Ligand code: FRU
């Protein structure tokens, strides 16, 4: 006997990858916000960086009677047509974090990656006093955040002709960033700074430099600024990174926009999440704020476990009672 009332709304969520802390923080944020709406069910699919898989998962979700789709597209070109298809079926679409190359979506929620790249460029110009060698490790060059971050970063540092940039592709993950950097690092032992398109790849660059005896000389700047033991805030606070550029996952904001659409309230087509440089001057304040959220998250998880346990006990009792009455 299923005691759960049928959901009033079903939201499908197609995530390009689910395997890292940033994506987990996004999902946690969504679940925190969904706790205010007991009438909503979230159908979650992880495409594991595979365009074809994401296309199939989006189609499967669209055919599962969802009321709205949230999608973070792996690469914009291959995923755009299927998102347009869903939108044309009359299903509202909220695009998060990564963009598609079409105006056929209901709302976008995410950071301004041009601004992120520009801030990184300005900060690095300041750190290097306008002169030095930078290795930039990009995310997948076919994903919109990597394209926008790279372009804006290059445009910014172009105003410092004595800053030389060597760009390599780290595909967002340590497993690609590490070998890519190992391949070139011996030719660039004079590197002054490594700028990674996320904190995970930047940590792996730090490890490579440590192995190569380059620590002390090389500075590190990342992007994301997550809380937690391995997050960018900790790296800045431990002086491993000079800075990280905040890039919020925005799970709460995505659900808030989705709920407005579902309830036919007015909503913003573009919700741009704020960014900022986090360095030694403000990292402690940032950590205090995010530590509070982490504690709240733990509370929610404990509460959820208690509710689940209660529900199990209740269901067992029901089964026992039905058994006794011979139903
Ligand atoms: C997480 C991530 C972040 C990055 C974002 C860009 O999967 O790689 O680290 O900022 O995606 O889409």
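In the numbering used here, the protein residues as written are 81 to 407. C-beta atoms are modelled at their ideal positions from N, C-alpha and C, and glycine is treated no differently. If you're wondering where the values come from, they're calculated on a predicted model, not measured in any experiment.
(1) Exposed or buried, which one is residue 116 when buried takes at least 16 other CB atoms within 10 Å?
(2) Measure the CB-CB distance between residue 385 and residue 113 and report whether it falls below 8 Å.
(3) How would you label residue 393, buried or exposed, when you count the other beta carbons within 10 angstroms and need 16 or more for buried?
(4) Would you tell me roughly how many angstroms separate the C-alpha atoms of residue 234 and residue 198, rounded to the nearest one?
(5) Since I believe residue 282 is in contact with residue 247 (beta carbons under 8 Å), could you give me their beta-carbon distance rounded to a whole number of angstroms?
(6) Assign residue 97 to one of three DSSP states: helix, strand, or coil.
(7) Examine the Cβ distances between the stretch 162–179 and the stretch 324–336 and report whether three or more of them are shorter than 8 Å.
(8) Excluding the five sequence neighbours on either side, which residues of its own chain have a C-beta within less than 7 Å of the C-beta of residue 292, listed in chain order?
(9) Quick check on residue 82: buried or exposed, where buried means 16 or more other Cβ atoms within 10 Å of its Cβ?
(10) Assign residue 360 to one of three DSSP states: helix, strand, or coil.
(11) Mind checking whether residue 126 and residue 98 have CB atoms under 8 Å apart?
(12) For residue 155, name the three-state secondary structure that DSSP assigns.
(13) Name the DSSP bridge partner or partners of residue 249?
(14) Keeping to the same chain, check which residues put their C-beta closer than 7 Å to that of residue 208; ignore five residues upstream and five downstream.
(15) Could you give the C-beta distance for residue 303 and residue 268, rounded to a whole number, given that I count them as a contact under 8 Å?
(16) Can you check which of these residues, 289, 396, 135 and 170, is closest to residue 157 by C-alpha distance?
(17) Using beta-carbon positions only, say whether residue 193 and residue 229 come within less than 8 Å of one another.
(18) For a test of your reading of the model: does the CB of residue 225 fall under 7 Å from any non-hydrogen atom of ligand 1? Yes or no.
(19) So, for residue 422: in the same chain, excluding its five sequence neighbours on each side, which residues have a beta-carbon less than 7 Å away from its beta-carbon?
(20) Please list the segments of the beta strand (DSSP E) lying wholly inside the stretch 326–354, counting only runs of 3 or more residues, in order along the chain.
(21) Would you mind working out which of 90, 401 and 200 sits nearest residue 216, comparing C-alpha positions?
(22) Could you tell me the boundaries of the alpha helix (DSSP H) in which residue 264 lies?
(23) Report all residues from its chain with a CB closer than 7 Å to the CB of residue 87; omit the five preceding and five following residues, and keep chain order.
(24) Let's see if you can read the secondary structure: which residues bound the beta strand (DSSP E) around residue 299?
(25) Using the DSSP secondary-structure output, state which residues sit across from residue 124 in a beta bridge.
(26) Helix, strand or coil for residue 271? Go by DSSP, reduced to three states.
(27) Anyone know if the C-beta pair for residue 279 and residue 315 falls short of 8 Å?
So, from the data block:
(1) By the neighbour-count rule (16 or more Cβ atoms within 10 Å), residue 116 is not buried but exposed.
(2) Result no, Cβ atoms of residue 385 and residue 113 do not sit closer than 8 Å.
(3) exposed
(4) Approximately 8 Å, taken between the alpha carbons.
(5) With 8 Å as the limit, residue 247 and residue 282 do not qualify as a contact, their Cβ atoms being about 14 Å apart.
(6) The three-state secondary structure of residue 97, taken from DSSP, is coil.
(7) Contact check between the stretch 162–179 and the stretch 324–336: three or more CB pairs, one atom from each, fall below 8 Å, which counts as touching.
(8) 265
(9) With a pLDDT of 49 at residue 82, under the threshold of 50, the predicted position of this residue should be treated as unreliable, and no value is reported.
(10) Here residue 360 sits in coil by DSSP.
(11) Taking C-beta atoms as the reference points, residue 126 and residue 98 count as a pair closer than 8 Å.
(12) coil
(13) Paired residues: 218.
(14) Excluding positions up to five away in sequence, the list reads 243, 272 and 273.
(15) That belief does not hold up - the Cβ atoms of residue 303 and residue 268 are roughly 21 Å apart, past 8 Å.
(16) 135
(17) Yes, Cβ-Cβ distance for residue 193 and residue 229 is below 8 Å.
(18) yes
(19) Residue 422 is absent from the model: the chain starts at 81 and stops at 407.
(20) 350–353
(21) 200
(22) 254–265
(23) Excluding residues within five positions, the ones whose Cβ falls inside 7 Å are 119, 120 and 121.
(24) 299–304
(25) 93
(26) coil
(27) Annotated as proximal: residue 279 and residue 315, with beta-carbon spacing under 8 Å.
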